[in-house]
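S.K.: Pasting a structure here, questions to come.
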Amino acid sequence: MRILVFGAGSLGTLVGGLLAPVHDVTLVARDPHAARVSSAGLDIVGAESAHVSPAATTTETGHDADLALVTVKSFDTAAAADALADCDVGAVLSLQNGLTEETLASRLDAPVLAGTATYGARLVEPGRIECTGVGRIVLGALDGGPDPLAERVGKAFRDAGLNALVATDMPRRRWEKLAVNAGINAVTALSRVENGALAGDDASELAHRAARETARVARLERVSLPNRVAREALDRVVEKTAANRSSMLQDVAAEKRTEVDAINGAVVDIAAEHGFEVPTNRTLAALLRAWERGAGLR
Ligand SMILES: NC(=O)c1ccc[n+]([C@@H]2O[C@H](COP(=O)([O-])OP(=O)(O)OC[C@H]3O[C@@H](n4cnc5c(N)ncnc54)[C@H](O)[C@@H]3O)[C@@H](O)[C@H]2O)c1
Ligand SMILES: CC(C)(CO)[C@@H](O)C(=O)[O-]
Numbered sequence: 009m010r011i012l013v014f015g016a017g018s019l020g021t022l023v024g025g026l027l028a029p030v031h032d033v034t035l036v037a038r039d040p041h042a043a044r045v046s047s048a049g050l051d052i053v054g055a056e057s058a059h060v061s062p063a064a065t066t067t068e069t070g071h072d073a074d075l076a077l078v079t080v081k082s083f084d085t086a087a088a089a090d091a092l093a094d095c096d097v098g099a100v101l102s103l104q105n106g107l108t109e110e111t112l113a114s115r116l117d118a119p120v121l122a123g124t125a126t127y128g129a130r131l132v133e134p135g136r137i138e139c140t141g142v143g144r145i146v147l148g149a150l151d152g153g154p155d156p157l158a159e160r161v162g163k164a165f166r167d168a169g170l171n172a173l174v175a176t177d178m179p180r181r182r183w184e185k186l187a188v189n190a191g192i193n194a195v196t197a198l199s200r201v202e203n204g205a206l207a208g209d210d211a212s213e214l215a216h217r218a219a220r221e222t223a224r225v226a227r228l229e230r231v232s233l234p235n236r237v238a239r240e241a242l243d244r245v246v247e248k249t250a251a252n253r254s255s256m257l258q259d260v261a262a263e264k265r266t267e268v269d270a271i272n273g274a275v276v277d278i279a280a281e282h283g284f285e286v287p288t289n290r291t292l293a294a295l296l297r298a299w300e301r302g303a304g305l306r
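Following the working numbering, the numbering of the sequence shown begins with 9 at its first residue and continues without gaps.
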């Protein structure tokens, strides 16, 4: 399969690198990373290890591919979609956090698949990617149901040894993940604590409230996600990732823009379309955006 990875930073470089031995992979990245991969190949270290040689370029438009993986941060999704609109791609799959698929689908003719990724990746230096945890990629039709295209992509991933599952209930999975991220990411980023600190105190109640509000908005969107299921999903992730610093806490610590708009901000926006108020998500989003503005990031 010809696979274009649009936005090869941490996650995109890892997934593209793991696919490269079996597929024709092109990383769309920024220099010096793109130049280093082009000239000397890519070292994958950590929980996976390999030396691979995908193509790498800073050119964003004019590519032909069977599949485009979108792995830019959520706030770069619209720009990525505009560049992909000038490529000839058979399908698009987002592996991003937050609700980004709608942005892609509204700007692209190619079919857009939904995906989630729990692999951990860290760009150590140009041309060197660390796999910090072997997770799983789950993908499927954006609106749910069986999808032959998703099956082909899932098989292509598994052929390269990736842990990939094709699911027919992506709407529920996306909203459950959104509920987990709305609770854990925002609260840990604002209080500067590891995920495990959310077990059983005031902060955990705040995270639960954000997750329950998200589940309520999911139901307004006709996605079946009971409050209890969202809260239990959040508790499970807190327990399993107790020692982790969430991606949003890492962004705040590094003074980088966060993905709040596609997480808590998306919950607020979609709730408003239904005339519904989500005060906890609204407060969390306002605080994070205020921090970003203060840090000159938006
Ligand atoms: N890193 C992880 O372990 C991980 C795990 C699961 C999900 N995610 C999600 O995956 C997404 C990407 O995360 P990440 O950690 O890889 O972020 P990242 O910042 O490391 O990578 C994004 C890359 O996209 C590049 N980019 C943006 N616009 C571009 C353009 N027009 N042309 C070329 N390159 C462009 C940036 O330069 C950057 O290198 C996020 O939504 C994140 O939440 C990450
Ligand atoms: C699951 C998660 C909250 C674990 O830290 C992760 O999605 C993150 O950090 O964004």
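Here a beta-carbon is modelled for each residue, glycine too, at the ideal position from N, C-alpha and C.
Since we're looking at a predicted model, the values are computed, not measured.
Can you tell me where the alpha helix (DSSP H) holding R244 begins and where it ends?
M.R.: Position 236 of the sequence shown, counted from the start, is the residue given in the question as residue 244. Taken as a continuous stretch (DSSP letters only), the alpha helix (DSSP H) holding R244 covers N235 to K248.
S.K.: Tell me which same chain residues have a C-beta within less than 6 Å of the C-beta of D51, skipping the five on either side of it?
M.R.: Here residue 51 corresponds to residue number 43 of the sequence shown, with the count starting at 1. Correct list, in chain order: H59 and R136.
S.K.: Answer yes or no: the CB of V80 versus the heavy atoms of ligand 1, is any distance below 7 Å?
M.R.: Numbered from 1 along the sequence shown, position 72 holds the residue referred to as residue 80. Correct: V80 has its Cβ closer than 7 Å to ligand 1.
S.K.: Helix, strand or coil for F284, going by three-state DSSP, please let me know.
M.R.: Residue numbering aside, residue 284 sits at position 276 when the sequence shown is read from its first letter. Looking at F284 - three-state DSSP - the assignment turns out to be coil, as it is neither helix nor strand.
S.K.: Within its chain, find whatever has a CB closer than 6 Å to the CB of G143; leave out the 5 residues flanking it on each side and keep chain order.
M.R.: As a position in the sequence shown, residue 143 is number 135, starting the count at 1. Within the same chain, G143 has close Cβ partners T126 and Y127.
S.K.: Thinking just about the alpha-carbon of each residue, which of A158, T140 and V132 is nearest to the one in V120?
M.R.: Sequence index remark: in the sequence shown, residue 120 carries index 112 (1-based). The residue with the shortest Cα to Cα distance from V120 is A158.
S.K.: Could you give the uninterrupted runs of the beta strand (DSSP E) lying entirely in the stretch 247–276, keeping only those of 3 residues or more?
M.R.: none
S.K.: Please state whether the Cβ-Cβ distance between S82 and E267 is less than 8 Å.
M.R.: The residue you call residue 82 lines up with position 74 of the sequence shown. The residue you call residue 267 lines up with position 259 of the sequence shown. Going by C-beta atoms, S82 is nearer than 8 Å to E267.
S.K.: If we call anything under 8 Å between Cβ atoms a contact, is V161 one with A99?
M.R.: The residue you call residue 161 lines up with position 153 of the sequence shown. The residue you call residue 99 lines up with position 91 of the sequence shown. In this structure, V161 lies near A99, with their beta-carbon atoms less than 8 Å apart.
S.K.: CB-CB under 7 Å to N252, same chain, minus the five flanking residues each way: which ones, in chain order?
M.R.: As a position in the sequence shown, residue 252 is number 244, starting the count at 1. Contacts found: E202 and N203.
S.K.: Looking at V53 and V33, is the spacing between their C-beta atoms short of 8 Å?
M.R.: Numbered from 1 along the sequence shown, position 25 holds the residue referred to as residue 33. Numbered from 1 along the sequence shown, position 45 holds the residue referred to as residue 53. Cβ distance not < 8 Å, so V33 and V53 don't count as in contact.
S.K.: By the 10 Å Cβ neighbour count, where 16 or more other Cβ atoms means buried, how is L257 classified, buried or exposed?
M.R.: Numbered from 1 along the sequence shown, position 249 holds the residue referred to as residue 257. Buried, by the Cβ-count rule.
S.K.: Is the CB of S46 under 8 Å away from at least one CB in chain C?
M.R.: Absent from the structure is chain C; it holds one protein chain and no more.
S.K.: Return the first residue and the last residue of the beta strand (DSSP E) that D51 is part of.
M.R.: The sequence position of residue 51 within the sequence shown is 43, counting from 1. Counting along the chain, D51 sits inside the beta strand (DSSP E) bounded by residues L50 to G54.
S.K.: From the DSSP secondary-structure annotation, give me the bridge partner or partners of F14.
M.R.: Your numbering for residue 14 matches position 6 in the sequence shown. Here F14 is bridged, per DSSP, to V36 and V78.
S.K.: Output the boundary residues of the beta strand (DSSP E) element that contains G70.
M.R.: As a first step, residue 70 must be located in the sequence shown, where it is residue number 62. Looking at the DSSP string, G70 is not in any beta strand (DSSP E), and its letter there is neither H nor E.
S.K.: Identify the continuous alpha helix (DSSP H) that holds H216 and give its terminal residues.
M.R.: Sequence index remark: in the sequence shown, residue 216 carries index 208 (1-based). Its alpha helix (DSSP H) spans residues D210 to L228.
S.K.: Can you give the beta carbon distance from A28 to A42, rounded, assuming they're within the 8 Å contact cut?
M.R.: Locating residue 28 in the sequence shown gives position 20, counting from the first residue. Locating residue 42 in the sequence shown gives position 34, counting from the first residue. The Cβ separation is near 14 Å, so there is no contact.
S.K.: Considering only residues of the same chain and omitting the five flanking positions on each side of H282, which have a CB-CB separation below 6 Å?
M.R.: Translated into positions along the sequence shown, residue 282 becomes position 274. Excluding residues up to 5 positions away in sequence, L228 lie with their Cβ nearer than 6 Å to the Cβ of H282 in the same chain.
S.K.: Report the three-state DSSP secondary structure of L112 (helix, strand or coil).
M.R.: Walking along the sequence shown from the start, residue 112 turns up at place 104. In this structure, L112 counts as helix in the three-state DSSP scheme.
S.K.: Looking at C-beta atoms only, is the number of pairs between the stretch 86–100 and the stretch 162–169 that lie closer than 8 Å three or more?
M.R.: no
S.K.: Take every Cβ of the stretch 230–237, pair it with every Cβ of the stretch 100–114, and state whether three or more of those distances are shorter than 8 Å.
M.R.: Contact fails: fewer than three Cβ-Cβ distances are below 8 Å.
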